[in-house]
Amino acid sequence: QKEVDQDPGPLSVPEGAIVSLNCTYSNSAFQYFMWYRQYSRKGPELLMYTYSSGNKEDGRFTAQVDKSSKYISLFIRDSQPSDSATYLCAMSTGANSKLTFGKGITLSVRP
Amino acid sequence: GAVVSQHPSWVICKSGTSVKIECRSLDFQATTMFWYRQFPKQSLMLMATSNEGSKATYEQGVEKDKFLINHASLTLSTLTVTSAHPEDSSFYICSAPAQTSGSGGGTPAAQYFGPGTRLTVT
Numbered sequence: 001q002k003e004v005d006q007d008p009g010p011l012s013v014p015e016g017a018i019v020s021l022n023c024t025y026s027n028s029a030f031q032y033f034m035w036y037r038q039y040s041r042k043g044p045e046l047l048m049y050t051y052s053s054g055n056k057e058d059g060r061f062t063a064q065v066d067k068s069s070k071y072i073s074l075f076i077r078d079s080q081p082s083d084s085a086t087y088l089c090a091m092s093t094g095a096n097s098k099l100t101f102g103k104g105i106t107l108s109v110r111p
Numbered sequence: 112g113a114v115v116s117q118h119p120s121w122v123i124c125k126s127g128t129s130v131k132i133e134c135r136s137l138d139f140q141a142t143t144m145f146w147y148r149q150f151p152k153q154s155l156m157l158m159a160t161s162n163e164g165s166k167a168t169y170e171q172g173v174e175k176d177k178f179l180i181n182h183a184s185l186t187l188s189t190l191t192v193t194s195a196h197p198e199d200s201s202f203y204i205c206s207a208p209a210q211t212s213g214s215g216g217g218t219p220a221a222q223y224f225g226p227g228t229r230l231t232v233t
């Protein structure tokens with residue numbers, strides 16, 4: 001079983017759609033959960049960060065963590081063509097610990 | 112959010128030469144930094160953990176004598192690719208943990224990434 005599993009897609013949606021991205025994990029010691037957006041030939045950009053379980057909302061983005069199910073999600077509302085990128089989930093066991101990444105999913109938002 | 116910079120953003124070097132890549136935390140201090148490499152259409156692969164004032168910790172399969180890491184201060188870590196070969200051509204990215212905005216003192220940290228350095232070895 002992979003430590004972090006993420007459907008690699010690709011995913012294509014029309015502009016304005018709600019996008020749901022998910023990752024599952026097997027290591028119950030993970031406490032810190034992040035979503036990154038990466039454009040081609042750029043470093044990953046932190047989108048959302050959650051410590052332990054719960055929901056967090058920031059503009060059009062909502063992150064959810066369900067530790068009981070070992071499942072995290074990222075929702076993007078009113079998706080825009082500029083959201084077209086690769087989205088990576090990442091998690092760690094400690095604040096200064098190394099990250100374990102999902103494979104990343106490539107999202108394309110069609111105008 | 113916290114800002115991490117890298118220099119250079121792109122470098123071309125000849126086979127057999129060495130190349131140094133710098134990673135700086137611009138508005139925070141980082142006792143730990145991480146170095147990754149990424150091949151096209153693949154996810155990031157952790158190479159090593161850089162610790163300020165002590166030796167780096169390398170991931171399995173990464174040659175520590177080839178990829179030299181120095182974390183000389185709380186804001187700077189360097190990665191030197193020694194005797195570079197064409198197969199070392201890749202995208203190298205660093206990251207560092209920092210407090211998230213509005214989190215207050217003592218709150219766990221998220222990791223912020225630099226913009227990456229594209230290395231081409233000819």
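The listed protein sequences derive, respectively, from chains A and B.
Numbering-wise, our numbering puts 50 at position 50 of the first sequence, and it's gapless, one number per residue.
Here our numbering = 1-based position in the second sequence + 111.
Ideal placement from N, C-alpha and C gives every residue a C-beta, glycine not left out.
Cα-Cα, which of the options is closest to residue i?
| i | options | result |
| --- | --- | --- |
| A:Met34 | A:Phe101, A:Ser97, A:Ala90 and A:Ser108 | A:Ala90 |
| A:Leu107 | A:Ser20, A:Ser68 and A:Glu3 | A:Ser20 |
| B:Ser206 | B:Thr193, B:Lys177, B:Ala167 and B:Ser188 | B:Ser188 |
| B:Lys177 | B:Trp146, B:Tyr147 and B:Thr193 | B:Thr193 |
| B:Glu234 | B:Thr186, B:Leu185, B:Ser136 and B:Leu190 | Residue coverage of chain B in this structure runs from 112 to 233, which leaves residue 234 of chain B outside it and unanswerable. |
| A:Val13 | A:Pro81, A:Ala29, A:Arg60 and A:Ser97 | A:Pro81 |
| A:Ser52 | A:Gln31, A:Tyr36, A:Thr62 and A:Glu45 | A:Gln31 |
| A:Ser68 | A:Asp83, A:Ala85, A:Gly54 and A:Asn96 | A:Gly54 |
| A:Ile76 | A:Tyr49, A:Ala63 and A:Lys70 | A:Ala63 |
| A:Leu74 | A:Ser84, A:Arg110, A:Gln38 and A:Ile18 | A:Ile18 |
| B:His196 | B:Gly172, B:Gln153, B:Cys134 and B:Cys124 | B:Cys124 |
| B:Glu170 | A:Leu46, A:Tyr25, A:Lys98 and A:Lys56 | A:Lys98 |
| B:Val122 | B:Val115, B:Val130 and B:Ser116 | B:Val130 |
| B:Gly172 | B:Lys166, B:Met156 and B:Asn162 | B:Met156 |
| B:Lys152 | A:Ile72, A:Lys70, A:Thr86 and A:Asn96 | A:Thr86 |
| A:Val109 | A:Gln38, A:Asp83 and A:Leu46 | A:Asp83 |
Rounded to whole angstroms, what is the Cα-Cα separation between residue i and residue j?
| i | j | result |
| --- | --- | --- |
| A:Arg41 | B:Thr160 | 22 Å |
| B:Ser126 | B:Leu230 | 12 Å |
| A:Cys23 | A:Asp7 | 7 Å |
| B:Gly164 | A:Leu11 | 44 Å |
| A:Asp5 | A:Thr100 | 10 Å |
| B:Asp138 | B:Ser184 | 14 Å |
| B:Ser232 | B:Asp199 | It should be noted that the sequence gives Val, not Ser, for residue 232 of chain B. When rounded, the distance between both Cα atoms is 7 Å. |
| A:Thr93 | A:Asp66 | 15 Å |
| A:Leu88 | B:Ala113 | 19 Å |
| B:Gly217 | B:Thr186 | Note that B:Gly217 scores a pLDDT of 47, beneath 50, so its modelled location is shaky; the value from the coordinates is reported in the next line. Taking the straight line joining both Cα atoms gives about 19 Å. |
| A:Phe61 | B:Thr128 | 45 Å |
| A:Gly9 | A:Pro44 | 18 Å |
| B:Gln222 | B:Cys134 | 14 Å |
| A:Lys2 | A:Tyr36 | 19 Å |
| B:Gly213 | B:Thr168 | Unreliable placement is indicated for B:Gly213, whose pLDDT of 46 sits below 50; no coordinate value is reported for it. |
| A:Lys103 | B:Ser116 | 24 Å |
| A:Ile105 | A:Ser28 | 23 Å |
| A:Asn96 | B:Met158 | 16 Å |
| A:Met48 | B:Ala220 | 12 Å |
By the criterion of Cβ-Cβ separation under 8 Å, what are the contact partners of residue i in chain A?
| i | result |
| --- | --- |
| B:Ser154 | Leu88, Phe101, Gly102, Lys103 and Gly104 |
| B:Leu157 | Lys98 and Leu99 |
Find the residues of chain B that neighbour residue i, judging by a C-beta separation of less than 8 Å, and give them in chain order.
| i | result |
| --- | --- |
| A:Arg41 | Phe202, Gly227 and Arg229 |
| A:Leu46 | Gly112, Ala221, Gln222, Tyr223 and Phe224 |
| A:Met34 | Ala221 and Gln222 |
Compute the beta-carbon to beta-carbon distance between residue i and residue j, rounded to the nearest angstrom, for a pair I have assumed lies under 8 Å.
| i | j | result |
| --- | --- | --- |
| B:Phe202 | B:Gln149 | 5 Å |
| B:His118 | B:Met144 | Wrong, their Cβ atoms sit about 14 Å apart, outside the cutoff. |
| B:Pro208 | B:Ala141 | 7 Å |
| A:Gly16 | A:Asp78 | 6 Å |
| A:Lys70 | A:Tyr25 | 5 Å |
For a contact defined as C-beta to C-beta under 8 Å, what are the partners of residue i on chain E?
| i | result |
| --- | --- |
| A:Asn96 | Within the model displayed, chain E is absent; protein chains A and B are what it includes. |
Starting from residue i, find everything on chain A with Cβ-Cβ shorter than 7 Å and list it in chain order.
| i | result |
| --- | --- |
| B:Thr160 | Lys98 |
Run down chain B in chain order and give the residues with a C-beta less than 7 Å from the C-beta of residue i.
| i | result |
| --- | --- |
| A:Tyr71 | Residues of chain B passing the Cβ test: none, with the nearest at roughly 19 Å. |
Report task. Within the stretch 135-174 of chain B, note down every full alpha helix (DSSP H) run reaching 4 residues or more, in order along the chain. Result -> Secondary structure in the stretch 135-174 of chain B: no alpha helix (DSSP H) run of 4 residues or longer lies completely within the stretch.
Query - Unbroken stretches of the beta strand (DSSP E), 3 residues or longer, contained in the stretch 13-101 of chain A - result: Counting whole runs of 3 or more residues, the stretch 13-101 of chain A contains the beta strand (DSSP E) stretches 19-25, 32-38, 45-51, 54-58, 61-66, 71-76 and 85-92.
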